[in-house]
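Chemist:
Protein chains: 2
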Amino acid sequence: MKIRAATGADHDAIWNIFHETIATGDTYAFDPKMSREEALAYWFRADTHTYVAELDRQSVGEADGFPGTATPSATASKQDRRIAGTYILRPNQSGGGSHVANAAFMVAGSARGQRIGRAMAEHCLDEARRMGFRAMQFNFVVSTNAPAIHLWEQLGFRIVGTLPAAFHHPQKGYVDVYVMYRSLLT
Amino acid sequence: MKIRAATGADHDAIWNIFHETIATGDTYAFDPKMSREEALAYWFRADTHTYVAELDRQSVGEADGFPGTATPSATASKQDRRIAGTYILRPNQSGGGSHVANAAFMVAGSARGQRIGRAMAEHCLDEARRMGFRAMQFNFVVSTNAPAIHLWEQLGFRIVGTLPAAFHHPQKGYVDVYVMYRSLLT
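Which chain is which? The protein sequence lines are A and B, in order.
Following this note's numbering, the numbering of the first sequence begins with 1 at its first residue and continues without gaps.
Following this note's numbering, the numbering of the second sequence begins with 1001 at its first residue and continues without gaps.
1. If you measure beta-carbon to beta-carbon, which residues of the region 25 to 49 of chain A are closer than 8 Å to chain B?
2. Which chain A residues sit within Cβ distance under 8 Å of Q1171/B?
3. Assuming L1055/B contacts M1001/B under a Cβ cut-off of 8 Å, what Cβ separation, rounded to an integer in Å, is found between them?
4. Is it the case that the Cβ atoms of R1118/B and N1102/B are separated by a distance below 8 Å?
5. Just verifying my parser: in three-state terms, what is the DSSP assignment at H49/A?
6. Less than 8 Å separating the beta-carbons of R112/A and L185/A?
7. I'd like to check one pair, Y1042/B with I1003/B: are the Cβ atoms closer than 8 Å?
8. For L163/A, which residues of its own chain have a beta-carbon under 6 Å away from its beta-carbon, when the five flanking residues on both sides are left out?
9. Can you check which of these residues, Q1171/B, G1173/B and A1006/B, is closest to Y1087/B by C-alpha distance?
10. Under 8 Å between beta-carbons, which chain A residues line up against Q1137/B? List them in chain order, please.
11. Would you say G132/A lies against chain B (beta-carbon separation less than 8 Å)?
12. Return the chain-ordered list of same chain residues with a C-beta closer than 7 Å to the C-beta of L1151/B, the five sequence neighbours on each side being excluded.
13. Among the candidates A29/A, G109/A and R45/A, whose CA atom is the shortest distance from the CA of I17/A?
14. In whole angstroms, what separates the C-alpha of V1189/B from that of Y1028/B?
15. Nearest-angstrom Cα distance between N92/A and R45/A?
16. Could you tell me the distance, in whole angstroms, from the CA atom of Y1181/B to the CA atom of Q1154/B?
17. If I follow the unbroken alpha helix (DSSP H) through R82/A, where does it start and stop?
18. Mark D10/A as exposed unless 16 or more other C-beta atoms lie within 10 angstroms of its C-beta, in which case mark it buried.
19. Using a Cβ cut-off of 9 Å, pull out every chain A residue sitting near S1143/B, in sequence order please.
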């Protein structure tokens, strides 16, 4: 797997992952009906660094050949399937708050359980340090998203704030949201 | 004083207050060199309700007449000076987070000490309730901004998070930032 800066050629793959991620409405505070155009505008905003996690060819069975399906669209779809995740990194605020980074991560449903989220997060922390950020903050970690909270805690983040009933979970109703933070100086 | 929805005719007055407020760089996480165009785009964003606090004519001495200065530009400037403050109200997040409001307030330096901030905040809480928001959150209250924190606490907000060293104060260096929150259901 390789983590690299995203390009325009990744838009289809990113939109597929983005749409799939927000459709359930249980982890991100996005409208599940958000359009492709709005999603890509958000994910590629001017102040934002956008990355993708690209699997090796072997991982998605491209060596198998799939004889008879090698139309251009099938090829594009196979290329898209190599993108297993995407993340963004940007300043959480401007001016006097611009030394704190913000980031967001999405992994394709078909690529879960391969530690791609963890790999992207470690890459992200390195990138943020390289860019000179002094800390990283997640503004909106839904308290029912146990795998995410567990991962962030393992990576040195801690809960610095609890927003009471700030998320309306489609199954669980109003649930708390955490603000998570870690210094990048240590 | 009247608090009302802002219009295009208020742009000059709002920009004057906005620019003056961010120029010191000690309360808001905006680049002090933010342009008028960027500021107005932010303050009048599509999802945002924008208001102004307009003083009565008497309050700014318009009854005095100022003979000889009644050129169109002097008149416009006098009109602008009647706008003593401005605030915005919007959803803090989309989707499952859109029941929590966010707001921001700015008072003209020349109008301090007249409880205009408090009047706008009370108006804002009423508007937010009227629109059906269930809570209000301030994401970034600089811990050295004692007058603001005092006012928010008087109005029922409490500190629900502390972001360590998340603001670079021009005189005091890195200082903490508070996340403040209050329910609108009680």
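Ideal Cβ placement from N, Cα and C applies to all residues, glycine included.
Modeler: In terms of the structure at hand:
1. Going along the region 25 to 49 of chain A in chain order, one finds G25, D26, Y28, A29, F30, D31, P32 and M34 with a Cβ nearer than 8 Å to chain B.
2. In the second sequence, the residue the question calls residue 1171/B occupies position 171. Within 8 Å Cβ-Cβ: nothing; Q1171/B doesn't reach chain A, min ~11 Å.
3. Reading the second sequence from its first residue, position 55 is the one you call residue 1055/B. Reading the second sequence from its first residue, position 1 is the one you call residue 1001/B. 6 Å between Cβ atoms; contact.
4. Position 118 of the second sequence holds residue 1118/B. Position 102 of the second sequence holds residue 1102/B. Here R1118/B is not near N1102/B, since their CB atoms are 8 Å or more apart.
5. Against the first sequence, residue 49/A aligns to sequence position 49. Strand.
6. For the purposes of this step, residue 112/A is taken as residue 112 along the first sequence, with counting starting at 1. For the purposes of this step, residue 185/A is taken as residue 185 along the first sequence, with counting starting at 1. Not closer than 8 Å, so no.
7. Here residue 1003/B refers to the residue found at position 3 of the second sequence. Here residue 1042/B refers to the residue found at position 42 of the second sequence. Taking 8 Å as the Cβ cut-off, I1003/B and Y1042/B do not qualify as a contacting pair.
8. Sequence index remark: in the first sequence, residue 163/A carries index 163 (1-based). Excluding positions up to five away in sequence, the list reads V177.
9. Along the second sequence, read from residue 1 onward, the residue named residue 1087/B stands at position 87. Nearest C-alpha to Y1087/B: A1006/B.
10. Counting from 1 along the second sequence, the entry for residue 1137/B is found at position 137. Simply L163 and A166.
11. Here residue 132/A is taken as the residue at index 132 of the first sequence, counted from 1. False, the Cβ-Cβ gap to chain B never drops below 8 Å.
12. Within the second sequence, residue 1151/B is the residue found at index 151, counting from 1. G1117, R1118 and A1121.
13. For this step, residue 17/A is matched to residue 17 along the first sequence. Out of A29/A, G109/A and R45/A, G109/A has the C-alpha closest to the C-alpha of I17/A.
14. With chain B running from 1001 to 1186 in the structure shown, residue 1189/B is simply not present.
15. Translated into positions along the first sequence, residue 92/A becomes position 92. Translated into positions along the first sequence, residue 45/A becomes position 45. Roughly 13 Å separates the two Cα atoms.
16. As a working note, residue 1181/B is residue 181 in the second sequence. As a working note, residue 1154/B is residue 154 in the second sequence. Just so you know, the alpha carbons of Y1181/B and Q1154/B end up roughly 12 Å apart.
17. In the first sequence, the residue the question calls residue 82/A occupies position 82. Element bounds for R82/A: n/a, residue is neither H nor E.
18. Position 10 of the first sequence holds residue 10/A. Buried is the label assigned to D10/A, since at least 16 other Cβ atoms lie within 10 Å of its Cβ.
19. As a first step, residue 1143/B must be located in the second sequence, where it is residue number 143. Within chain A, no residue comes near S1143/B; the closest Cβ sits about 12 Å away, beyond 9 Å.
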